[in-house]
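Note sheet for the following structure.
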Amino acid sequence: MKYQPQAIESKWQRRWEEAGVFRCPDAITAPKFYCLEMFPYPSGRIHMGHVRVYTIGDLIARFKRMRGCQVLHPIGWDAFGLPAENAAHRHGTHPAKWTYENIDFMRQQLKELGISYDWDREFATCRPGYYRWEQLFFLWMIRDGLAYRKRALLNWCDECQTVLANEQVNRDGTCFIHDQTRVTQRELDQWFLGITKYADELLSGHEELRGGWPENVLEMQRNWIGRSEGAEIDFPLVDGGGKITVFTTRPDTVYGATFMSMAPEHPLVLEFARKAGREREVRAFVEKVAGQDKLVRSSGELEKEGIFTGGYCVNPLTGEKIPIFAANFVLYEYGTGAVMAVPAHDQRDFEFAKKYDLPIVVVIRPEEDALAADTMTCAYEGPGQMVDSGPFTGLGNDEGKREITRHFERQGIGRGKVQYRLRDWGISRQRYWGCPIPVIHCEVCGVVPVPEKDLPVVLPEDISYSREKGNPLAAAEEWVRVPCPSCGARARREIDTFDTFFESSWYFLRYIDPHNDREPLDPAKMRAFMPVDQYIGGVEHACMHLIYARFFHKYLRDKGLAPGNEPFKRLLSQGMVCMATQECPKHGWRYPDEVDAEGRCRQCGEKVEVGRSMKMSKSKRNVVEPSALVERYGADTARVFSLFAAPPEKDLDWSEQGVEGAYRFLGRVYRLIAQRASTLSAAPAHPCASGARDSLESDAGVLRGDAGGARRIRQVTHRTLAKVTGDIEERFHFNTAISAIMEMVNSLYLVDDAAWESPETAPSLREAVEILLLMLSPFAPHVSEELWERIGNKDLVCRKLWPQADEEAARAEEILVVVQINGKLRARITADADVPEEEIRAKVLADPRVREYTEGKEIRKLVYVPRKLVNIVVG
RNA sequence: GCGAGAGUGGCGGAAUGGCAGACGCGCCGGACUUAGGAUCCGGUGGGCAACCGUGAGGGUUCAAAUCCCUCCUCUCGCACCA
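Here the first sequence is numbered in this note's numbering, starting from -10 and rising by one per residue.
Printed below as a string of structure tokens:
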């Protein structure tokens, strides 16, 4: 009777597939439930992070199916991306071949885990059947003015020969792939999507998500979108009649603006310098800042530095001529790239002013005390009353903000403005392995969108890899050369491809209609299955992916394709999978199997140092291969361990011994039931376990008449059932659900042989075992099926309904009341469950142990928490 | 620097105002056995005890791991956001 998962697991995976149990038909016949995990990038093989997220998703999917829902649980591949090209360069394999082979391998790995996907809906985003539709969306976006071209300063990696997103640049200013290569700034024509048009809605949409999404993710998005209210103000230049516009959240402090700071990258900086004959020194400064690494430039400790550009502008309220500086802390990307400097009321400006000996003018007076410019040691950024502010003197500064803004608006030199940190989404990538951007560049007509009838623009897969760098598409002459769709002249295709976040921004919709080749999405089907009821993925996608996907969904809603305002009703962001690192003094990081049982390096015999538990990563070698794990313990063990070791939102510490424990538990379940398979088959089945709820009442009545043994068994069963149901459904605490099942198994082990055979208790035990298997099946589906069959069931356990806990059976006839004296635990009493409060009070006070503490003392207060606790306060 | 989160036995974790340490790992003991690193059963926060124990200190409460304040440590995110 040995538990041998390998044989069991492949058998049931085959059965499920044959029976098509996880296929979700288009026609909805029960409440739908859309369960989605973030789809994987096909990097080669799955890792423990995948095991964790797909196990969590599968648990929910299987549970909801048993709850009677029609569950849509799809999977696919986020298949475009740079790693495929890097692999191509390194190993000479074609990105397409590499990607498809990885997909085949990983699909197999996922199937080995027994995840209940509807594989009929699987797709890879690198297939024209998928990406042709996002090319169409893009054409719509151009027409709607949502996609536009802009010359922009972008991070450029010489090694990749491509543009990087900010998040792809390491903090030390190097490329995230080539960490030896310094990222430089380049100005290129790029496509942008106007996500900022939706900024307000992306923010207000949080109201709808509150409750279903983790608060910290909403908070991160709120910070990312970064709405701030203020004003744009024009500062006229002293020569030349031009102006510089700044954005400020403190229009109330304009009277205190004594100079101006501009981002070194700002084109006007060098222009001012040229006019003033200061070009050499200013250019040196600009280049110095450009070369400064990101870490230094973004840290709070950055030494404020700047240089006078030679230009002056006029403070529009004081009329004073103020100098214009280039300063290293001003960001070109935010606002207008220029800031009015108010040293008295902004700390950075204060530091800058002190360093370069610029005037400090106080214009806000705090409640407590007036400020004096010469004695200030730091800026005052708080609220107060306006002083030295011309006609606005005396106003509260909040009122001042409004009044001054209004004043500027009347003068036509400023306006109230809501500014977002969120920037429009640059989507152009100088990469081969991505979706071609469907436009054509004509010398006569300029940028011409590919006509819809000519879609898709298929990425040519028969390209050569002779070029080491840059985009191989540039060399695919026969593909690039096309006649201009509008004038017929010789023209060239755009060789840039989409950012791969483009694909992941709408894949959840396409799963609902994956094979549609007439239109991207059938709105009727979308209405039937959207929104995603439960989305599961890593918190690292809190900002980018989840904001882009919400944005796409809103846009597609506006196009009449997607229903509702928000695509993901509930979000679960699961924690990382961590493991202790092991470091050999000679050989550095060691994989677990490079260390022997004594903790010595297998290569040199030196004692390895066991470090803190950190996120599993190849670079630190603190990884466990899912395939090896499944081969050794089986998928059910891998699943049970990942669900048991920690609640889903917390980081999970991988532990070999913990895995052993999970394996042992399943072996224990297996032995308990397999040993008695024939006895259990012979026992009359309990209708409750078969999901026939209608007849529950009458039959349960009969069972309630059982001897005490049966009563106790049913109590354990239904109490466990209630707990497990609640833990899964309401709390998402799968670890405590498993521990409750473990406790039930422990109890069943204590049932003696006679009881298993006895006609009095056998039906209750059969019910217990059936309910146990039903509860276990979403966690460990294979062994549950196997045992379900062994005890004489013909059908599949994954198709059964989740049983309903019988409250009457679960009810305890005795209650335990804890007695505290002055808050300290002193006694416990038991009483019949329905005893009135008075009787319990009397019983407590009569208890000898209680009397010991109350004798001769005044009882000042007695707190009674019904059926739980009594606290007696004595003087 | 800003923002979010977390600190509980030897370890992972339970308990979200009401018995701190469920469950699992580890460890200890017993049974079975030729044998056990299999399996089954039992024990296991500290202290001889009174008692003491949830990062530290204060507070609210009949009652605090849980709520509030101050501080410390760690983790994650960040674009000095004007």
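For every residue, glycine included, the Cβ atom is placed at its ideal position computed from N, Cα and C.
Note that the structure is a prediction, hence the values are computed from the model and not measured.
- Task: State the CB to CB distance for the pair Gly295 and Ser250, rounded to an integer number of angstroms; the pair is presumed to be in contact (CB under 8 angstroms).
- Result: The residue given as residue 295 occupies position 306 in the first sequence. The residue given as residue 250 occupies position 261 in the first sequence. Between Ser250 and Gly295 the Cβ distance is about 7 angstroms, and since that is below 8 angstroms, they are a contact.
- Check whether the Cβ atoms of Arg140 and Asp178 sit closer than 7 angstroms, and answer yes or no. In the first sequence, residue 140 corresponds to position 151, counting from 1. In the first sequence, residue 178 corresponds to position 189, counting from 1. In terms of Cβ geometry, Arg140 and Asp178 form a close pair [threshold 7 angstroms].
- Boundaries (first-last residue) of the alpha helix (DSSP H) holding Val658: The residue labelled residue 658 in the question sits at position 669 within the first sequence. Counting along the chain, the alpha helix (DSSP H) containing Val658 begins and ends at 645 to 663.
- Counting along the chain, where does the alpha helix (DSSP H) carrying His722 start and finish? Here the question's residue 722 lines up with position 733 in the first sequence. From DSSP, His722 is part of no alpha helix (DSSP H); its letter is neither H nor E.
- Message: Just to confirm before moving on: does the CB-CB distance between Ala551 and Leu545 stay below 7 angstroms?
- Response: For the purposes of this step, residue 551 is taken as the residue at position 562 of the first sequence. For the purposes of this step, residue 545 is taken as the residue at position 556 of the first sequence. Yes; because the gap between Cβ atoms is below 7 angstroms, this pair is in contact.
- Item | Those residues which DSSP pairs with Pro819 across a bridge | Here residue 819 is taken as the residue at index 830 of the first sequence, counted from 1. Note that residue 819 is Thr in the sequence shown, not Pro. Partner(s): Leu805.
- Would you kindly check if the distance between the Cβ of Val758 and the Cβ of Gly662 is under 7 angstroms? Stepping through the first sequence from its first residue, residue 662 is reached at position 673. Stepping through the first sequence from its first residue, residue 758 is reached at position 769. A small correction: the amino acid at residue 662 is Ile; Gly does not occupy that position in the sequence shown. The answer is yes: Cβ separation under 7 angstroms.
- Among Asp93, Lys609, Ala569, nearest to Ser602 - alpha-carbon criterion: Here residue 602 refers to the residue found at position 613 of the first sequence. Nearest C-alpha to Ser602: Ala569.
- Would the C-beta of Val469 count as close to the ligand ADP, meaning under 6 angstroms from any of its heavy atoms? Absent from the structure shown: the ligand ADP. Ligands present: none.
- Item | Cys590 - partner residues in DSSP beta bridges | Here residue 590 refers to the residue found at position 601 of the first sequence. Listed as beta-bridge partners of Cys590 by DSSP are Val584.
- Does DSSP put Asn735 in a helix, a strand or coil? Your numbering for residue 735 matches position 746 in the first sequence. Three-state result, Asn735: helix.
- Task: Please report how far the alpha carbon of Gly864 lies from the alpha carbon of Leu814, in whole angstroms.
- Result: Numbered from 1 along the first sequence, position 875 holds the residue referred to as residue 864. Numbered from 1 along the first sequence, position 825 holds the residue referred to as residue 814. Going from the Cα of Gly864 to the Cα of Leu814 covers about 17 angstroms.
- Message: Please state whether the Cβ-Cβ distance between Gly405 and Ala246 is less than 7 angstroms.
- Response: Counting from 1 along the first sequence, the entry for residue 405 is found at position 416. Counting from 1 along the first sequence, the entry for residue 246 is found at position 257. The answer is no: Cβ separation not under 7 angstroms.
- Taking the CB atoms as reference points, tell me whether Ala265 and Val319 lie closer together than 7 angstroms. For the purposes of this step, residue 265 is identified with residue 276 of the first sequence, where counting begins at 1. For the purposes of this step, residue 319 is identified with residue 330 of the first sequence, where counting begins at 1. For Ala265 and Val319, no; Cβs fall outside 7 angstroms.
- Query: Can you tell me where the beta strand (DSSP E) with Asp178 in it begins and where it stops?
  - Reply: For the purposes of this step, residue 178 is taken as the residue at position 189 of the first sequence. Residues 173 to 182.
- Query: In or out: Ser562 buried (at least 16 other Cβ within 10 Å) or exposed?
  - Reply: Residue 562 sits at position 573 when you count from the first residue of the first sequence. By the 10 Å Cβ count, Ser562 comes out buried.
- Rounded to a whole number of angstroms, what is the C-alpha to C-alpha distance between Ala(-4) and Thr170? Indexing the first sequence from 1 puts residue -4 at position 7. Indexing the first sequence from 1 puts residue 170 at position 181. So the two alpha carbons sit approximately 50 angstroms from each other.
- Within its chain, find whatever has a CB closer than 7 angstroms to the CB of Asp683; leave out the 5 residues flanking it on each side and keep chain order. On the first sequence, position 694 is the one that residue 683 refers to. Reliability fails at Asp683, whose pLDDT of 32 lies under 50, so the model's placement of it is uncertain and the value that follows must be treated cautiously. Nothing listed; no residue qualifies.
- Item | DSSP state of Thr234 mapped onto helix, strand, coil | Numbered from its first residue, the first sequence carries residue 234 at position 245. Reduced to three states, the DSSP call for Thr234 is strand.
- Compute the Euclidean distance between the alpha carbons of His396 and Val407, then round it to the nearest angstrom. Numbered from its first residue, the first sequence carries residue 396 at position 407. Numbered from its first residue, the first sequence carries residue 407 at position 418. If you take the alpha carbons of His396 and Val407, they lie about 17 angstroms apart.
- For Pro117, collect the residues of the same chain with a Cβ closer than 8 angstroms to its Cβ; drop the 5 residues on either side in sequence, then sort them by chain order. As a working mapping, residue 117 is identified with position 128 in the first sequence. Same-chain partners within the cutoff: Pro445, Val447, Leu448.
- Query: What's the gap between the Cα of Glu749 and the Cα of Arg4?
  - Reply: Looking up residue 749 in the first sequence gives position 760. Looking up residue 4 in the first sequence gives position 15. Approximately 35 angstroms, taken between the alpha carbons.
- Message: Helix, strand or coil for Lys832? Go by DSSP, reduced to three states.
- Response: Here residue 832 refers to the residue found at position 843 of the first sequence. Of the three classes helix, strand and coil, the one that applies to Lys832 here is helix, per DSSP.
- Please classify Ile848: is it buried, with 16 or more other beta-carbons within 10 angstroms of its beta-carbon, or exposed? Locating residue 848 in the first sequence gives position 859, where the first residue counts as 1. With fewer than 16 Cβ atoms within 10 Å of its Cβ, Ile848 is classed as exposed.
- Residue range of the beta strand (DSSP E) that includes Lys310: As a working mapping, residue 310 is identified with position 321 in the first sequence. From DSSP, the beta strand (DSSP E) with Lys310 extends over 310 to 316.
- May I ask which residues mark the beginning and end of the beta strand (DSSP E) holding Asn144? On the first sequence, position 155 is the one that residue 144 refers to. Taken as a continuous stretch (DSSP letters only), the beta strand (DSSP E) holding Asn144 covers 136 to 146.
- Go to Leu347, then tell me how far its beta strand (DSSP E) extends in each direction, as first and last residue. Position 358 of the first sequence, counted from the start, is the residue given in the question as residue 347. Careful: Leu347 lies outside any beta strand (DSSP E) and carries neither H nor E.
- Message: Mapping the DSSP letters down to three states, classify Pro752 as helix, strand or coil.
- Response: Taking the first residue of the first sequence as 1, we reach residue 752 at position 763. Of the three classes helix, strand and coil, the one that applies to Pro752 here is helix, per DSSP.
- Separation of Ala531 from Glu(-2), as counted between CA atoms: Along the first sequence, read from residue 1 onward, the residue named residue -2 stands at position 9. Along the first sequence, read from residue 1 onward, the residue named residue 531 stands at position 542. A straight line joining the alpha-carbon of Glu(-2) with that of Ala531 spans about 35 angstroms.
- Quick one: what's got a C-beta closer than 6 angstroms to Ala711's C-beta in the same chain, skipping five residues either side? Here residue 711 is taken as the residue at index 722 of the first sequence, counted from 1. Contacts found: Ala794, Ala799.
- Task: Measure the CB-CB distance between Ala315 and Thr298 and report whether it falls below 7 angstroms.
- Result: Looking up residue 315 in the first sequence gives position 326. Looking up residue 298 in the first sequence gives position 309. Yes, the pair counts as a contact, with Cβ atoms nearer than the cut-off.
- Message: Taking the straight line between their C-alpha atoms, what separation do you get for Phe52 and Pro855?
- Response: Along the first sequence, one-based indexing puts residue 52 at 63. Along the first sequence, one-based indexing puts residue 855 at 866. Whole-angstrom Cα-Cα distance: 34 angstroms.
- Between the C-alpha atoms of Ile233 and Arg410, what's the straight-line distance to the nearest angstrom? On the first sequence, residue 233 is found 244 positions in, with the first residue counted as 1. On the first sequence, residue 410 is found 421 positions in, with the first residue counted as 1. Spanning the two alpha carbons is a distance of roughly 20 angstroms.
- Message: DSSP three-state label for Arg34, please.
- Response: As a working mapping, residue 34 is identified with position 45 in the first sequence. Residue state, collapsed to three classes: coil.
- Message: Are the CB atoms of Ile313 and Ala333 within a distance shorter than 7 angstroms?
- Response: Along the first sequence, one-based indexing puts residue 333 at 344. Along the first sequence, one-based indexing puts residue 313 at 324. Cβ atoms of Ala333 and Ile313: not closer than 7 angstroms.
- Message: If the criterion is Cβ atoms closer than 7 angstroms, does the pair Ala651 and Phe630 meet it?
- Response: If you number the first sequence from 1, residue 651 lands on position 662. If you number the first sequence from 1, residue 630 lands on position 641. For Ala651 and Phe630, yes; Cβs fall inside 7 angstroms.
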